[in-house]
Structure formats: C-alpha cells, structure tokens
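Residue 43 in the numbering used here sits at position 42 of the sequence shown; the count goes up by one each step and never skips.
For each residue, glycine too, the CB sits at the ideal point set by N, CA and C.
Contents: one structure, followed by commentary.
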Amino acid sequence: MNCDMCGRILEFPYEVEVEGATMQLCKSCSVFGRITKQPKISVIRKKYVIKREEYIDFIVEDYPVRIRNARESKNLKQQDLANKIAVKESLIHKMESGNLEPSIELAKKLEKFLGIKLVEKQKEEHQRVKINDSTLTIGDLLKVK
C-alpha cells in the first residue's frame, strides 16, 4: 500500500481527513490533515536464551574404597598417611569408613600423594533469558523454568 499523498510504501498507514477527503497517509504526510485513525503497531519482544556451561569439581562416590586400597598398596598405615599429608589420623579413618567426605582441596592432596583419581569435573548448564523489553511478565518467568 502506498501513501496517497507522496507515494511512499506504507508500513503503518494513518487514516487522515484532508479537506473533507479521507486518505491513507504516511506519518510525515499526516500533518497536513486531521488524523482520524492511527495505525495499530504491535510491539514484538525478542527473547534470547543465553546458555552458559560451567564445570564443577565433585568427589567420586567410592572415595573410601579408593583411598583405602591406594594406602594399603603403598604399605602405609593410617597414621603414616596422615603424617605424610599433614592431617590428623582420625580424619583418614573417617574418610576410609565413609563417614566424612574430603574437601576438594584435601582430595586433590590425596590424589597427588596416592596417585589415584578422587575429583572429577561435572558439566553444569545455566540458562538466562534476556529480553529486549525491560518488563517481564509472569508468563515469561514460567516459560524459563
């Protein structure tokens, strides 16, 4: 559709009364008369989903067995292992019995000394929705989850 006055292609035509005649005009030509009907402009909000991958360290489930087997294969007592890595003997006992999960730092120290694998990396994904418009509706939040 073209503007009745200047001939431009109309995306959003204004219905304007110019000297008694009703015309379909562009925005710039609509100043020459009285606007009777403004165009309906629909607002399109674009959503962007931003995915971010993150790797987290976690302790393997069978850490008590791995620690005990590695210690015994090196012919060490719990007390000897504790002295070598500078921790209390009770801590080694609790880890081997499964009553205490070692921290990531302690697990890495045990890995290095015993030559075993206790810490593994797990991929974790985070999603964030970015919307061009600054307003969020309840529906937007429900779709994210």
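Output the boundary residues of the alpha helix (DSSP H) element that contains residue i.
i     : result
Gln25 : First-last for Gln25: 22–26, but that is the beta strand (DSSP E), not the alpha helix (DSSP H).
Lys89 : Taken as a continuous stretch (DSSP letters only), Lys89 belongs to no alpha helix (DSSP H), as it is neither H nor E.
Rounded C-beta distance between residue i and residue j? I'm assuming under 8 Å.
i      : j      : result
Ile57  : Lys110 : About 19 Å; that fails the 8 Å criterion.
Leu119 : Val61  : 6 Å
Glu126 : Glu18  : Rounded, the Cβ-Cβ distance is 58 Å, inconsistent with contact.
Indicate the three-state DSSP secondary structure (helix, strand or coil) for residue i in the structure shown.
i      : result
Ile117 : coil
Asn76  : coil
Cys7   : coil
Lys41  : coil
Suppose the cutoff is 7 Å on Cβ atoms and the five residues either side in sequence are ignored; what does the same chain contact list for residue i look like?
i     : result
Gln39 : Tyr15
Which residues share a DSSP beta bridge with residue i?
i      : result
Ser123 : It is Gln, not Ser, that sits at residue 123 in the sequence shown. Beta-bridge pairing links Gln123 to Ile57.
Glu18  : Thr23, Arg35
With a threshold of 8 Å on Cβ separation, who are the neighbours of residue i within its own chain once the five nearest residues in sequence on each side are excluded?
i     : result
Thr37 : Glu16, Val17, Glu18, Thr23
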